[in-house]
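As given, the protein sequences belong to chains A and B, one line each in that order. Using the working numbering, read the first sequence as starting at 170 and increasing by one per residue. Using the working numbering, read the second sequence as starting at 17 and increasing by one per residue. Note sheet for the following structure.
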Amino acid sequence: MKRAIEFRLNGQAVHVEARGGQTLLELLRQELGLNGVKEGCGAGECGACTVIVDGQALTSCIFPALEVEGASVTTIEGLAAPDGTLHPVQEAFVRNGAVQCGFCTPGQILSAKALLDLNPHPSEEQIRTALEGNLCRCTGYQQIIEAVKAAAEDQP
Amino acid sequence: MSALKYVGQRLPKADALDKVTGRAVYINDLSRPGMLHGKILYAAHAHALIKGIDVSKARALPGVRAVLTGADIPEIPLGFMRDNRPLKKGKVRTRRDEVAAVAATSPDIAQEAIELIEVEYEPLPALFSPEEALAADAPLIHEMDAKGRPAKSNKLSLPWKLICGDVEEGRARARHVAQGTFSTTWISHCCLGTSGVIAEFDLNRNLTMYSITQIPYLAQNDYLEALKAMGLPSSQVRVLCQTIGGGFGSKLDTHCYEFIAILLARATGKPVKMQFSREEEFLAQATRQPATMEISQGCDAEGRLTFREVHMLLDNGGYTSWGATTPSVMMVPVSSLYRVPNVRYLAESVYTNNIYAQAMRGYGNPQATFAIESNMDQLALMAGMDPVEFRLINANQPGDETPQGFKITTCGLGQCIEKVRQGLGWREHQRAKELGANVRGHKARGQGLASLIHVGGGARVYRSDGHGMIMKLDDFGRLTVFTGAVEIGQGNETILRQVAAEAVGLKLEDVGIVSHDTAICPWDVGTHASRAAFISGNAAIQCAAELRRKIFTLAAEQLEVEPEDLDLSQGLLLVRRSSGGEGQRLAVAEADESLPLAKVLRKAHFSAGGRMLVAETFYDPPNQMLDREFKGNLSCAYAFGAGGVEVEVDTQTGQVRILRYLAAHDVGRALNPMLLEGQIYGGSLMGVGMALTEEVKLHEGRVVNGNFLDYKMLTAKDAVPITPIIVETDDPAGPYGAKGVGEPGCVPSAPAIANAIFDAVGVRIRDLPITPEKVLRALQQKKDEVCRLVPAAC
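Structure follows, in structure tokens:
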């Protein structure tokens with residue numbers, strides 16, 4: 170079963186056909202060519218597939234594609250300006266050494282962005298809670314947490 | 017000499033921009049025109065004869081292009097003992113055995129076809145522990161040994177035996193002897209990017225592997241061997257590494273799925289991609305080597321170690337990857353952590369019907385150090401000594417040659433221990449403990465420390481520990497460095513840019529790195545043994561010297577000066593016209609003249625008989641392969657460190673909370689402190705996971721927790737506060753003094769935590785991971801013991 174859906178993707182209107190049972194991850198990667206969203210487990214456990222839907226960070230690998238009808242979706246590709254200027258969270262990740270292998274990075278950044286959009290000056294505990302669903306094997310999380318703090322400090 | 021411009025700077029990673037924007041291409045993201053998707057059918061039994069396989073339904077499914085079983089493929093022996101095959105024939109020995117494989121036009125069709133394959137098995141008695149497998153009447157898991165002779169038992173013919181000095185003499189001389197048995201378990205690398213590969217043949221039957229290997233050149237060799245077996249002896253292989261979603265040693269071997277991709281690509285004439293699911297990653301990707309370790313150590317009345325004896329039994333699982341060779345590195349701490357004159361080490365690997373193990377960060381060192389450093393605290397207790405003082409008395413010193421033959425050049429072990437002691441507030445804590453002030457209700461605080469030694473200047477585990485490099489200058493003074501090193505996220509390309517810019521005398525932005533392509537980049541043994549920064553850094557310094565020699569010869573001709581009167585800094589050629597200070601580097605202010613390097617290069621290029629500048633080098637460090645007795649100077653520098661933790665143990669729940677974690681590392685020189693700290697944070701937390709939560713649980717050979725809900729990898733919420741302490745000892749063999757640091761972080765974590773738990777509540781946990789259940793059980797046993805001895809106390 171296929172159904173035409175409309176939603177906003179990184180600020181642009183999108184019309185696309187989605188299958189019942191198709192995940193948002195599959196729609197983004199396979200139909201829309203957005204490979205920045207990663208699959209690390211396919212079960213909503215590792216957070217590599219995190220995207221922002223109507224302000225909420227969620228795991229797209231278990232989110233039905235049909236449910237983004239009418240929603241606003243942000244992926245990692247939608248963060249930097251067209252001229253390459255990074256979003257403050259991306260910039261903070263680069264400057265604070267929060268990136269190693271980078272596979273979890275898009276998800277970490279989107280979880281952090283969703284947090285900061287809602288709560289511009291979170292405590293460290295709130296940062297840790299927001300990132301709890303985004304596993305990272307390389308960094309020990311410390312520089313990621315520092316990056317999110319730095320991004321928060323840079324905000325007005 | 018002018019001050020360093022890039023070495024020592026906290027520079028961001030060169031690849032970070034692509035990674036924060038989602039542009040980096042991992043194997044998961046890569047597709048090739050006409051590509052098919054492969055899937056694997058794994059065994060339904062841990063030990064069984066394959067009586068028959070019916071693939072007819074799978075072959076008939078629309079979209080299926082090939083179905084292969086062990087019967088359809090040539091003999092391609094894999095693994096360290098050549099006891100593995102891409103697809104198993106006649107018999108399965110583990111639940112992870114590859115029985116059949118399918119290539120189809122989509123992953124879903126391939127999976128559907130897999131489910132249509134019917135396999136008839138005749139189950140055999142299975143063995144799930146080395147002890148069972150060593151029983152006299154145990155069935156043989158492999159009928160033949162590595163040399164093709166009938167096997168006599170399940171024991172691998174791979175005896176690891178290191179004898180230094182006279183252990184009996186050391187034991188006789190010991191005033192105190194402590195012994196213990198410790199164990200570590202199966203641990204998954206948990207790379208966030210799951211394993212995958214694309215195999216593609218061109219019409220000349222040459223093979224390209226779109227790969228994520230950490231060993232492109234050794235892998236190339238393995239693939240060439242496979243092609244020979246497939247009747248393609250003149251085919252060439254090119255390995256193109258993609259962005260790698262985590263390494264940690266998981267990509268130091270070539271794995272069955274890679275050869276299955278090659279076989280399917282050959283069978284179909286199409287590129288074939290294999291991409292693991294997470295469940296598959298837990299099941300089929302080989303783990304850290306588990307070990308059961310019996311240790312005894314003794315010291316004299318002054319607390320000096322007199323001997324150390326370690327026996328290990330390793331569960332080899334069904335096949336042999338690098339796991340069975342981890343004793344070669346376990347020997348490093350066994351023989352050389354602290355000054356210990358007499359050492360005996362024996363290790364045996366035994367086939368079982370479990371999954372199997374390979375390299376993982378530290379290569380056996382974290383396992384061995386868990387036993388050694390737990391037992392050091394036991395011995396200190398028996399000797400009535402403070403555990404930190406006890407370690408300082410025995411600490412390695414610069415200039416030592418250890419019993420195994422390691423020549424210790426620089427050694428910051430004492431400094432690391434001191435700094436951790438100060439950072440923890442060790443003495444204050446011990447005083448508080450004497451007053452009982454470390455206990456509040458049912459929560460007790462404790463502190464623990466453990467040290468480490470690891471190879472820090474390469475490791476000659478292969479005939480060559482070398483690294484090839486090419487440097488090429490263009491008309492604009494920009495440098496391209498061609499390196500055989502693999503970037504696995506640790507930041508090697510960033511470090512290499514820093515070192516190359518520094519050593520050649522260019523601006524950082526004028527240095528680019530080309531890597532990950534065996535057709536273009538010279539040979540390197542692999543990204544392992546914490547060697548990439550050390551070896552490729554030294555190669556860059558060596559190559560830069562050659563390039564500078566060529567630059568100065570060329571420029572001297574053009575400028576009519578002597579080469580000695582030239583220097584290069586930040587892309588500017590500095591010329592001295594006056595005499596004096598020959599062979600010295602010039603400061604810009606001292607130069608009589610300066611001109612852009614690019615100008616000299618263009619003039620050379622566009623004159624008659626034009627010339628362009630390229631330099632190449634092969635750096636092979638002055639270290640030794642271990643001899644038949646496993647002795648020799650394995651590395652040309654050794655890394656040291658100490659980890660210290662403060663824990664709070666809840667005696668009602670058994671929960672262990674880490675309040676602080678100090679990680680002091682003798683790194684020689686911090687080439688980039690920010691990336692270095694990243695290695696320390698990440699390594700340390702991986703060690704904490706090994707200590708407290710991580711275990712691939714097996715039930716009758718089947719992985720029962722192959723997902724991130726049940727396999728407890730630590731999250732941002734669990735992450736402990738880690739304080740890196742960088743000790744610089746400026747090693748003469750290192751690039752700008754640096755030693756390796758990729759692996760050491762995870763080495764001392766588990767024993768430091770176990771020691772801190774003992775310090776807090778007086779129970780010693782000997783089997784990892786240290787779960788609340790184990791802590792509670794130990795506390796109950798201790799209580800029962802007290803009640804038995806002093807009934808009135810209960």
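Glycine is no exception: its CB is placed at the ideal position from the N, C-alpha and C atoms. These numbers were taken from a predicted model, which means no experiment stands behind them.
What do you reckon, are the CB atoms on residue i and residue j nearer than 8 Å?
i, j, result
"K488(B)", "T499(B)", "no"
"N723(B)", "A212(A)", "yes"
"P90(B)", "F275(B)", "no"
"L692(B)", "V704(B)", "no"
"I221(A)", "A283(A)", "yes"
"V36(B)", "I278(A)", "yes"
"V359(B)", "V183(B)", "yes"
"P637(B)", "G421(B)", "no"
"D481(B)", "Y233(B)", "no"
"G106(B)", "I66(B)", "yes"
"G699(B)", "G750(B)", "no"
"K171(B)", "V326(B)", "no"
Can you look up residue i in the DSSP assignment and give me helix, strand or coil?
i, result
"L489(B)", "strand"
"Q301(B)", "coil"
"I565(B)", "For the record, residue 565(B) in the displayed sequence is Arg; it is not Ile. Here R565(B) sits in helix by DSSP."
"V802(B)", "helix"
"M346(B)", "helix"
"I66(B)", "strand"
"Y273(B)", "helix"
"M17(B)", "The predicted position of M17(B) is uncertain, since its pLDDT is 44 and thus under 50; a value taken from the coordinates is nonetheless stated next. In this structure, M17(B) counts as coil in the three-state DSSP scheme."
"K171(A)", "strand"
"V183(A)", "strand"
"P28(B)", "coil"
"Q796(B)", "helix"
"D581(B)", "helix"
"R513(B)", "helix"
"F176(A)", "strand"
"F498(B)", "strand"
"G481(B)", "This sequence places Asp at residue 481(B); Gly is not what is there. Reduced to three states, the DSSP call for D481(B) is coil."
"P807(B)", "helix"
"D775(B)", "helix"
"C180(B)", "strand"
Going by C-alpha to C-alpha distance, which of the options sits closest to residue i?
i, options, result
"Q225(A)", "L203(A), A249(A), L300(A)", "L300(A)"
"F292(B)", "A60(B), A300(B), R592(B)", "A300(B)"
"A548(B)", "D218(B), S211(B), F264(B)", "F264(B)"
"S266(B)", "P767(B), C207(B), P155(B)", "C207(B)"
"V193(B)", "S227(B), A167(B), S250(B), R320(B)", "R320(B)"
"P146(B)", "K459(B), G587(B), D331(B), R685(B)", "D331(B)"
"K755(B)", "A653(B), K21(B), Y727(B), A735(B)", "A653(B)"
"V258(A)", "Q324(A), T298(A), F176(A), I174(A)", "Q324(A)"
"T244(A)", "I314(A), L178(A), Q312(A), A281(A)", "L178(A)"
"A545(B)", "V520(B), W338(B), A624(B), G587(B)", "W338(B)"
"T669(B)", "K566(B), Q796(B), P737(B), Y677(B)", "Q796(B)"
"I203(B)", "A302(B), G457(B), A384(B), A149(B)", "A302(B)"
"A571(B)", "L582(B), A154(B), E562(B)", "L582(B)"
"V757(B)", "H681(B), G334(B), G493(B)", "H681(B)"
"V630(B)", "Q671(B), L575(B), R565(B), N649(B)", "R565(B)"
"L708(B)", "E716(B), K728(B), C257(B)", "K728(B)"
Worksheet item: Hey, which unbroken runs of the beta strand (DSSP E) at 3 residues or more fall wholly within the segment 668-747 of chain B?
Response: Fully contained in the segment 668-747 of chain B are the following beta strand (DSSP E) runs of length 3 or more, in chain order: 672-682, 738-743.
Worksheet entry | Touching by the beta-carbon criterion (3+ pairs, under 8 Å), the segment 463-472 of chain B and the segment 647-663 of chain B | Enough Cβ pairs lie closer than 8 Å, so yes.
Fill in: 3-residue-minimum beta strand (DSSP E) runs that sit fully inside the segment 45-123 of chain B, ordered along the chain
If we require 3 residues or more, the beta strand (DSSP E) runs fully inside the segment 45-123 of chain B come out as 52-58, 64-70, 80-85, 114-120.
Discussion item. Restricting to runs no shorter than 4 residues, where is the alpha helix (DSSP H) found entirely within the segment 375-440 of chain B?
Written reply: 381-399, 403-410, 429-440
Discussion item. Using a Cβ distance threshold of 8 Å, determine whether the segment 168-176 of chain B contacts the segment 251-258 of chain B, with at least three qualifying pairs required.
Written reply: Remark: fewer than three beta-carbon pairs, one from each stretch, lie closer than 8 Å, so the segment 168-176 of chain B and the segment 251-258 of chain B are not flagged as touching.
Worksheet item: Three or more C-beta pairs closer than 8 Å, one from the segment 400-412 of chain B and one from the segment 209-217 of chain B: is that the case here?
Response: Output reads no: the segment 209-217 of chain B does not touch the segment 400-412 of chain B.
Discussion item. Below 8 Å, how does it come out for the segment 761-771 of chain B and the segment 780-788 of chain B: are there three or more Cβ pairs, yes or no?
Written reply: yes
Worksheet entry | Meets three-Cβ-pair contact criterion under 8 Å: the segment 262-274 of chain A and the segment 499-510 of chain B | yes
Worksheet item: Name the residues in the segment 203-235 of chain A whose C-beta lies less than 8 Å from a C-beta of chain D; which are they?
Response: Absent from the structure is chain D; the protein chains it does hold are A and B.
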